[in-house]
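Those protein sequences? They're chains A and B, same order as listed. Its first residue numbered 1, the first sequence is counted upward by one per residue in the numbering used here. Its first residue numbered 1, the second sequence is counted upward by one per residue in the numbering used here. Beta carbons: idealized from backbone N, C-alpha and C, even for Gly. Here is the structure we will look at, set down as structure tokens.
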Amino acid sequence: DAKTTQPPSMDCAEGRAANLPCNHSTISGNEYVYWYRQIHSQGPQYIIHGLKNNETNEMASLIITEDRKSSTLILPHATLRDTAVYYCIVRPQNSGYALNFGKGTSLLVTP
Amino acid sequence: DAGITQSPRYKITETGRQVTLMCHQTWSHSYMFWYRQDLGHGLRLIYYSAAADITDKGEVPDGYVVSRSKTENFPLTLESATRSQTSVYFCASSDPSGQGSSPLHFGNGTRLTVT
């Protein structure tokens, strides 16, 4: 399975854009990049996913490099409620397409 | 209400007892998953199921049993609970259409304490 590398923690000022990086240099051509977040004690929440193209939804934008070896999740206007652990996951083609969660990035949004 | 629900939210049991955690989803997703989350280990896959009557082991299946007689339910049973099974358990479901392109949706978890 392709592994991901994320910084353990990041800070962001409220109202500013939060840019969370992820490296996945061993990703295969048909593997999707997924982003989830987990707010304390709650279940992981789906944010966005993509294969090759950049994606945007009401929560965030996902920028995937052309070689697909890295990606960035962008929260355009971070709020205090965005404080959470963010997981970047490359979804494998086995185990029923289960997600393998790493340690993620702990994002702290400050006033 | 549509979605995925887990019950109970909190459970305290004694070592050696059998306990079953319930998971119910209303989307008719064919894939369902059980994870556990512990400090220092993150989320780890216990079992998953591709459809009714089809289940398979994940990363940490020892000490757990699952069944899937109906598409919407995926109970997880600890046949003889041990303290090491104290954890937060999350259930998830996914639609297989498009294979890897359908997100997993998670429940709010069951916090299990084994004394």
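Beta carbons nearer than 9 Å to chain A: which residues of the region 95 to 115 of chain B have them? Pro96, Gln99, Gly100, Ser101, Ser102, Pro103, Leu104, His105, Phe106, Gly107, Asn108, Gly109 and Arg111
Buried/exposed call for Gly15 (chain A), threshold 16 Cβ in 10 Å: Of the other Cβ atoms in all chains shown, fewer than 16 fall within 10 Å of the Cβ of Gly15 (chain A); this residue is therefore exposed.
Three-way DSSP call (helix, strand, coil) for Asp95 (chain B) in this model: coil
At the 8 Å Cβ level, is Tyr112 (chain A) part of the contact set with chain B, yes or no? Missing from the structure shown is residue 112 (chain A); chain A here goes from 1 to 111 and no further.
Among A:Lys52, A:Thr56 and A:Pro8, nearest to Ile64 (chain A) - alpha-carbon criterion: A:Lys52
Helix, strand or coil at Asp62 (chain B) [DSSP, three-state]: coil
For Glu55 (chain A), which beta-bridge partners are listed by DSSP? A:Leu62
Taking 8 Å as the CB-CB limit, is Tyr10 (chain B) close to chain A? Output row for Tyr10 (chain B): interface = no.
So Asp11 (chain A) and Leu108 (chain A) are supposed to be a Cβ contact under 8 Å. How far apart are they, rounded? 5 Å
What does Lys103 (chain A) touch in chain B if you count any residue whose Cβ is under 8 Å from its own? Gly42
When the Cα atoms are used, what is the spatial distance from Asn30 (chain A) to Arg91 (chain A)? 9 Å
Do Leu21 (chain B) and Tyr35 (chain B) count as a contact pair if the criterion is CB distance below 8 Å? no
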